[in-house]
Every structure is written in structure tokens, then in C-alpha cells.
Amino acid sequence: MEKIINKKVNILILEKIFPLNLSSKLAKKIQIKDYSGMSRKKYLDIIHNFQVIIIKSRTLVDNELITNATNLRVIARAGVGVENIDIPLCNSKNIKLITLPGKNANSAAEFSISLVLVGLRNINTAFNNTKSGNFDRFKLIGKELNETKIGVLGYGNVGKLFVKKAIALGTKKIIVFDKDIGTYKKSEKIQFTKNLNFLLRSCDVISIHLPLNKSTKYLLDYKNLTFVKNNLILINTSRGGIVNDNDILKIIRIKNITYFLDVVSDEPNYETKKKQKINKKFTNNNNIFITPHLAAITENTQRNISNLLFNRIINHFGIK
């Protein structure tokens, strides 16, 4: 516990969270400023005034930010991924990192399952076709889950829930790639493997549920993507950097992959109303469908994350 004596705790929100309803008592002890959607230059100019910053996956917590944030005591991450945070540097400055592992797992798993169904039934293409007057449904013959093998990369909080939901919906077979497969027991429906290429060769759908780190950066590159089946459905709701952008663009043409991408490599500003720019080779590709990091964006999840994060912050400073 850390106490700020006779001063308010100043909190700077850099990426949008659900509004907090402060009691009049707490409002006297906490000052919150919302800079979500603002440019890095603008928030670096004022960050020295704050003891706490609230971020998600887009804010880069590096030497530049830490150098400017001279009074920073807490980094509150509204989620779990920390690849954008220089943790050793924060530790050296005695800055506490608060994360919320597993709190968005259900919404992320649900979102990924929905993309599986959209892909298997060609709903994405059907929407576009019918808008242009094309109602030829026999060009959109789909597959059912009970005839589909799904590959899952990563068996953490989200991966486990994804598998559970996929089985409940009748998926034929699930193959899980994870470094800790020795701790899990396979079942009639689930097979665990450390052989990534085996999973890539075997599955009709692959869903990624891994953190981005040194071992997962470009885990899917040209060499191993050549193993995948033709007409694969690839779903990435984790981090864009797990799949090599240039390589997936080449393989899509060869294998006719449908790529559902909720996370791009260089994440745009999700809070601004200004038009954002991302790789035109992705936006102009008819086999790639991009959503703006929606996997955890549900009312229930966002409200819970805001409340939990705020409670962790006030507990850290002993605010009552």
C-alpha cells in the first residue's frame, strides 16, 4: 500500500474505459482526466502531473513516456497483455503494474466463436453479395461445426473458454497447440500437440489465443503457413504481430485463406473520430475482414474491467 498524504491521486486515462461513478467522498481524493483519443505528444506534455495512468494495448510505455512521467506510481492495464510495456524499466523505477488477467476472456472467446460461424457459413460474403443484388446461394455453401476440425493456438484463459464453447456447439475435433500440453489430458474431442505444423496441416479453422512475446512474434510465417489447408479460416483476436503480415498476404493468394483480423500490427487510435490508416494491402484484400479490436468490447466486460481496475488503484493508495 502506498499513501499520498494530503494530496489527491491524479489519474490519467489514455485509452477509453467505462465511466466511473465516484462517491462524493472519493471525488475529493481522486482527480481523473480523460485523454483517450489524444495524440502522444499532447499527453506526454501533461503526464508529469499524474500518479496513475490507465492504458490498454495501444499505449507504448517506453523510456520516453517514463522519463516524462516523473510522478508516475501506477500503470493500470485494462486487460492482460503487456507487450507494449517496458516492465524491467517500470520495476527499476518502482512503478506498480496492475493487470486484470481473465476478465475479458468470456467476451473474447464468444467473439472468436462468432467469427468461426461467420466464416463457415460465408455470412461475410453473403452480406456483400446481396447488397449488390447477387442472391446465388449455391456459391455460398458452408460447413457445419460437426464436420469441422478447429485448431487453437494457446490454451490460456481465452483459449480454454473458446474450446469449451466450440465443443458445446458440436465441433467435430479440436487440436490445441500449447507449450504446457503435458499438464492437460486429451479427450475424445480435444487433442494436444507441440507440433505446430501438424495442427496447421490438420485443421479447417485456426483461432489464435496467444500473448505477443519473443516466442510468439511471427509464429505464423511463410514457411509454416505453407502447411495449411486450402480454404482455411484463420482467426486472430490476440495480437497482429503473431502473424507475419507480408507472409500471410502471399499465402492468402495461394491457399485462398479467409482471414478474420481483430488486431492489426500497428494498432490505430480506437478512440478518435478521425479516419485511421492501416495497411492498404489488407483493406483492399477481399479475403481479409478487419474489426477494430472488438473482442472484449461488451458492456458487461468493460464495466467490470473499469470497476475492478479502479478498486485495485484505490486499494494501492489506501484510499477510503
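Quick note: the sequence shown, position 52, residue 1271 per the working numbering, numbers continuous.
Note that the Cβ used here is the ideal one computed from N, Cα and C, for glycine as well.
- Taking 8 Å as the cut-off, the Cβ atoms of Phe1446 and Arg1420 count as close.
- Gly1298 is classed as buried because its beta carbon has at least 16 other beta carbons within 10 Å across all chains shown.
- Segment contact: the region 1358-1376 against the region 1420-1438, three or more CB-CB distances shorter than 8 Å; contact assigned.
- For Lys1261, no beta strand (DSSP E) run applies; the uninterrupted alpha helix (DSSP H) run containing it begins and ends at Arg1259 to Ile1265, by DSSP.
- Note that the region 1499-1509 does not touch the region 1291-1305; fewer than 3 beta-carbon pairs, one per stretch, sit closer than 8 Å.
- Inter-segment contact for the region 1512-1521 and the region 1225-1233 is absent: fewer than three beta-carbon pairs are separated by less than 8 Å.
- The shortest CA-to-CA distance from Thr1278 to any of Glu1302, Ser1457 and Val1337 is the one to Glu1302.
- Straight-line measurement puts the Cα of Leu1388 at about 12 Å from the Cα of Glu1366.
- In this structure, the CA atom of Lys1496 is about 10 Å from the CA atom of Thr1502.
- Residue Ala1246 holds the alpha-carbon nearest to the alpha-carbon of Lys1227 among Leu1241, Gly1256, Pro1238 and Ala1246.
- Bounds of the alpha helix (DSSP H) holding Arg1522 are Glu1518 to His1535.
- Beta-bridge annotation (DSSP): Asp1399 is not paired with any residue.
- In the structure shown, Val1337 falls within a helical segment according to DSSP collapsed to helix, strand and coil.
- A direct Cα-Cα distance of roughly 8 Å separates Glu1363 from Arg1340.
- Look at Leu1279 here: in three-state DSSP terms it is coil, with no helix or strand label.
- With a cutoff of 8 Å on beta-carbon distance, Tyr1441 and Ile1471 are scored as not near each other.
- Bounds of the beta strand (DSSP E) holding Ser1426 are Val1424 to Ile1427.
- One alpha carbon belongs to Pro1511, the other to Ile1524, and they sit about 19 Å apart.
- Between Ser1457 and Leu1480, the C-beta spacing is not below 8 Å.
- Here Val1301 carries a coil assignment [DSSP, helix/strand/coil].
- The closest CA to that of Ser1484, considering only Phe1417, Ser1276 and Leu1380, is found on Ser1276.
- Counting every other CB atom within 10 Å of its CB across the protein chains shown gives Ile1274 a total of 16 or more, marking it as buried.
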